[in-house]
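In what follows, a structure is listed as structure tokens, so that the remarks can point back to it.
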Amino acid sequence: MTTPPEEPMTERAAAPILLDLRREAQARQPDLSALPPLSEPERQMAIRTWRGRMVNEHISAQVWAGLVPSLMRAGAPPAALAELPAAIADELRHAE
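What follows is the structure, given as structure tokens:
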């Protein structure tokens with residue numbers, strides 16, 4: 646019995662998951678009035694930089710969450726396991 650060939654990655658790739666934090670950002674309404682005005686290229690660079698940082702924080706939260714099953718299987722002390730939700734929450738808070 647033969648197995649069918651796999652579909653090319655482009656055909657079976659899932660749609661990207663988008664992270665939209667505009668509502669959270671609007672709720673905070675930081676006061677940016679003391680900052681100097683930016684040119685459009687500077688503004689776009691700042692947006693890309695902060696967007697990248699936000700994504701990295703979410704990835705860090707996923708990494709922390711992924712450690713839970715591994716640490717439980719490894720027999721980590723309950724006190725150490727109890728600290729993980731706070732680490733995950735910290736990363737998500739940093740991403741706001």
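Residue numbers are given in our numbering: position 54 of the sequence shown equals residue 699, and the series is strictly consecutive.
Backbone N, C-alpha and C fix where the C-beta goes; we use that ideal spot for every residue, glycine too.
Fair warning: this is a prediction, and the values are worked out from it, not measured in the lab.
The C-alpha of A740 is placed about 21 Å away from the C-alpha of E687. Judged by DSSP in its simplified three-state form, A727 adopts helix. Apart from the 5 residues on each side of it in sequence, A706 sits with its Cβ closer than 6 Å to the Cβ of I733, E736 and L737 in its chain, given in chain order.
By the 16-neighbour rule on beta-carbons within 10 angstroms, W709 is buried. Rounded to the nearest angstrom, the gap between the Cα atoms of P714 and D665 is 28 Å.
Residues E741 of the same chain have their beta carbon placed closer than 8 Å to that of A670, with the five preceding and five following residues left out of the count.
Secondary structure of G720 (DSSP, three-state): coil. Leaving aside the five residues that flank A691 on each side, the residues in its chain whose CB is nearer than 8 Å to its CB run, in chain order, L683.
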